[in-house]
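For the sequence shown, the working numbering gives the first residue as 17, with consecutive numbering after it.
All C-beta atoms, glycine included, are put in the ideal place defined by N, C-alpha and C.
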Amino acid sequence: MYSAIPRPPLVIPNYPLPSLSLLGTDAAAIALLDAASAESVAQAWFAKFGPALQSGDVKAVTALILPTAEAEGSDGQPGTLLAHWRDQLALTWDFRTFSGVSKITVALEARLASTGFKNVHFTPGTAKIERVGDKGDVVWVSAHFVLETSVAKGAGIGRLVPVPGAGGIEWKAHTIYTTLLSLTDFPELSGPLRNDEPNHGLWAGQRAAALQYRNEDGTSRNPTVLVIGAGQSGLAIAARLKYLGVDALIAERNKRVGDNWRGRYEALCLHDTVCCTVLNAVGGPADDPAASRQPGPVYTPAQKLANWLEFYADSLELNVWTSTNITSIKQDAETKKWHVSMIRSTDAGVEERRDFVVNHVVFACGLGADIGETPDIEGMDTFRGQILHSTQHKSARDHSGKKVVVVGACTSAHDIAVDYCQNGVDVTMVQRGPTYIMSIKNGWDVLFKGGYVEGGPPVEVVDRVVESMPHFMAADFNVIRARQIAEMDKELLDGLHRVGFRTNMGIKNSGFSLLARTKAGGYYFDTGASGLIAQGAIKLHPAPNGISRFTPTGLAFPDGTTLDADVVLFATGIGSPEVQFIQVFGEDVLKQMYTANKPGYGGAVWRKLPECRWKEIDD
Numbered sequence: 017m018y019s020a021i022p023r024p025p026l027v028i029p030n031y032p033l034p035s036l037s038l039l040g041t042d043a044a045a046i047a048l049l050d051a052a053s054a055e056s057v058a059q060a061w062f063a064k065f066g067p068a069l070q071s072g073d074v075k076a077v078t079a080l081i082l083p084t085a086e087a088e089g090s091d092g093q094p095g096t097l098l099a100h101w102r103d104q105l106a107l108t109w110d111f112r113t114f115s116g117v118s119k120i121t122v123a124l125e126a127r128l129a130s131t132g133f134k135n136v137h138f139t140p141g142t143a144k145i146e147r148v149g150d151k152g153d154v155v156w157v158s159a160h161f162v163l164e165t166s167v168a169k170g171a172g173i174g175r176l177v178p179v180p181g182a183g184g185i186e187w188k189a190h191t192i193y194t195t196l197l198s199l200t201d202f203p204e205l206s207g208p209l210r211n212d213e214p215n216h217g218l219w220a221g222q223r224a225a226a227l228q229y230r231n232e233d234g235t236s237r238n239p240t241v242l243v244i245g246a247g248q249s250g251l252a253i254a255a256r257l258k259y260l261g262v263d264a265l266i267a268e269r270n271k272r273v274g275d276n277w278r279g280r281y282e283a284l285c286l287h288d289t290v291c292c293t294v295l296n297a298v299g300g301p302a303d304d305p306a307a308s309r310q311p312g313p314v315y316t317p318a319q320k321l322a323n324w325l326e327f328y329a330d331s332l333e334l335n336v337w338t339s340t341n342i343t344s345i346k347q348d349a350e351t352k353k354w355h356v357s358m359i360r361s362t363d364a365g366v367e368e369r370r371d372f373v374v375n376h377v378v379f380a381c382g383l384g385a386d387i388g389e390t391p392d393i394e395g396m397d398t399f400r401g402q403i404l405h406s407t408q409h410k411s412a413r414d415h416s417g418k419k420v421v422v423v424g425a426c427t428s429a430h431d432i433a434v435d436y437c438q439n440g441v442d443v444t445m446v447q448r449g450p451t452y453i454m455s456i457k458n459g460w461d462v463l464f465k466g467g468y469v470e471g472g473p474p475v476e477v478v479d480r481v482v483e484s485m486p487h488f489m490a491a492d493f494n495v496i497r498a499r500q501i502a503e504m505d506k507e508l509l510d511g512l513h514r515v516g517f518r519t520n521m522g523i524k525n526s527g528f529s530l531l532a533r534t535k536a537g538g539y540y541f542d543t544g545a546s547g548l549i550a551q552g553a554i555k556l557h558p559a560p561n562g563i564s565r566f567t568p569t570g571l572a573f574p575d576g577t578t579l580d581a582d583v584v585l586f587a588t589g590i591g592s593p594e595v596q597f598i599q600v601f602g603e604d605v606l607k608q609m610y611t612a613n614k615p616g617y618g619g620a621v622w623r624k625l626p627e628c629r630w631k632e633i634d635d
């Protein structure tokens, strides 16, 4: 129905990590570096950086930054050792990463004076020595700082590396991160700025009226922002807007908030820890687990998450219209405002059409098309059993006593195979391509070390640390961490290999990070399925050349093997988010959004339409 519009290819530059050998630094020169001396290093560097930034002295700022040099990457290919300045709204009012002193210089010359930096200070006690890799050959001192601009308050993180200087070791910034936290004249309406007036008997009527979006004369009252999608991203951005005093209406096609999780298979449980479900203003299903304030499971069942999202929307009084579909949306070429028509089914079962004119639109409909992608295979019409997609699967109990074949070897395939296995159903997994596997225990221990953990720093601080690492520089960083995880998971991986399950180390051997960013798949965080496959409880049928055809009783493969089945379930993806986007906005808008990617943010897609934001992709 819709022609394919490919995403711009994600070109991954080779940015090696600043190892001591690449820097030309003798390890003995920093052998005595400890927490106290790291604090001194940070204090001395920021004593120069702060005044240089505040005075608008570009030359003085860049003198504190690592010079550009040619170097070899972790893959042995030529690369460039660069400093990176990653900015989120503080310096550029945009999401930008400038790589290399020359580009940083151009950016500072354009923006430094007008930004008006002031009160740039190192945050005492935050300096930390980080040694990366088994050999500890990558060493930096990371430190947090606070800042103000002429209109905002913000924060930042610097990573300083040791380089040989005329008088001994000098410390230069390898990465600088600046981010806006709040607008000086538009503070969030929270804490002491909350509404402190008692409301006796009026609240229910006021909420009902607010949700109607009508003026006193019955005409439509336009929200400032329309958010399409009431998943976690749509709700979070609407909450942030609400507490900035910006009127946002969320349009959700499902009947209830949370149905995007509630409608999935019963066995679904998040493989990310509960720290990852913390949303602004309220925390998460276990409140703020990093502060260990309340009990709750580390891994949240989908049904629980669905209920939590519904509670979140209700408790923050977010304006959500459920059972609502966008029927038309066009941007006025002159005013740049969006004219939106939608059909809403009310609680009384009445369908009403509403028209709005809004300043901004946020598209927050998820990473896929929510449409099961089932390959077209010869002979499907001859199969006497049932063919379904993972999006249609609800419970293994539906197929008791049946022989089930699951085609696919990533997250949904593993989850569903476990569901069948635990319910006594004969299940075989067909693996066509290799999968990146890591155990949740070892994987998160390495990736979240000192961060998203019980008793760790506040989630917003950890978020800042994660965001401070330029995406493409992180590829080499993740190569080291993926290797550490694989060594810890050796027994698990060996067990899989013995039964013929094929694994890989991800794109550029970087684990799941680039897989998640480029295709939102190709991996599985093991929560038990890998052990069942290794034991033979979940049977495996390797199919590196794919499936030849369906037979009346099952599947046939190019190597001459066959599989009998009563049910063939395809766990083969849920499509591209572009499909949903085209259905709402049309192909022309998508093409515009895909024509201007700025450095360091890969698939950012909203550059040419500044009144439209694609929340899932931008994040």
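Asked	Found
Since residue 143 and residue 157 are thought to touch, with beta carbons under 8 Å apart, how far apart are those beta carbons, to the nearest angstrom?	6 Å
If we ignore side chains and look at the alpha-carbon of each, how far apart do residue 671 and residue 258 end up?	Here the chain covers residues 17 to 635 and nothing more, so residue 671 does not appear.
By the three-class DSSP mapping on this structure, what secondary structure does residue 430 have?	helix
Taking C-alpha atoms, which residue in 100, 115 and 124 lies nearest to residue 107?	124
Mind checking which residues open and close the beta strand (DSSP E) that includes residue 51?	It is not in any beta strand (DSSP E) - residue 51 instead sits in the alpha helix (DSSP H) that spans 51 to 71.
Here's the rule: buried if 16 or more other CB atoms are within 10 angstroms of the residue's CB, otherwise exposed. What is residue 413?	exposed
Determine, using beta-carbon pairs with one atom in the segment 577 to 589 and one in the segment 353 to 366, whether at least three such pairs fall under 8 Å.	no
In the structure shown, what three-state DSSP assignment does residue 324 receive?	helix
Once the 5 residues before and after residue 532 are set aside, which same chain residues still bring their CB inside 8 Å of it?	539
Residue 470: buried (16+ other C-beta within 10 angstroms of its C-beta) or exposed?	exposed
Would you check if there are 3 or more beta carbon pairs closer than 8 Å linking the segment 207 to 214 to the segment 498 to 516?	no
Considering Cα atoms alone, identify which of 369, 317, 42 and 525 is closest to residue 267.	369
Does the beta-carbon of residue 104 have 16 or more other beta-carbons within 10 angstroms, so that it is buried, or is it exposed?	buried
What residue range does the alpha helix (DSSP H) around residue 594 cover?	593 to 601
Going by DSSP in three states, residue 452 sits in which element: helix, strand or coil?	strand
Within 10 Å of its beta-carbon, does residue 31 have 16 or more other beta-carbons around it, so buried, or fewer, so exposed?	buried
Between which two residues does the alpha helix (DSSP H) harbouring residue 477 extend?	475 to 483
What is the DSSP secondary structure of residue 307, reduced to helix, strand or coil?	The predicted model places residue 307 with a pLDDT of 40, which falls under 50 and marks its position as unreliable, so this point remains unresolved.
So if DSSP puts residue 291 in a beta bridge, which residue, or which two residues, is it bridged to?	None; residue 291 has no bridge partner.
Give the secondary structure of residue 439 by DSSP, where H, G and I count as helix, E and B as strand, and everything else as coil.	coil
If distances are taken between C-alpha atoms only, which option among 608, 334, 560 and 243 comes closest to residue 223?	334
Compute the beta-carbon to beta-carbon distance between residue 49 and residue 177, rounded to the nearest angstrom, for a pair I have assumed lies under 8 Å.	Actually they are not in contact, since the Cβ atoms of residue 49 and residue 177 sit about 12 Å apart, beyond 8 Å.
Is the segment 424 to 439 close to the segment 273 to 290, with three or more CB pairs under 8 Å?	yes
Grouping DSSP H, G and I as helix and E and B as strand, with all else coil, what is residue 34?	coil
Considering just the uninterrupted stretch of the beta strand (DSSP E) at residue 494, what are its terminal residues?	That residue, residue 494, is in no beta strand (DSSP E); its alpha helix (DSSP H) goes 489 to 504.
Residue range of the beta strand (DSSP E) that residue 367 falls in?	367 to 374
Which residues does DSSP pair with residue 232 in a beta bridge?	DSSP output for residue 232 lists no bridge partner at all.
Excluding sequence positions up to five away, which residues of its chain have a Cβ less than 8 Å from the Cβ of residue 497?	462, 463 and 527
From residue 225 to residue 236, what distance separates their C-alpha atoms?	12 Å
Cα-Cα, which of 122, 102, 396 and 354 is closest to residue 480?	102
Residue 416: buried (16+ other C-beta within 10 angstroms of its C-beta) or exposed?	exposed
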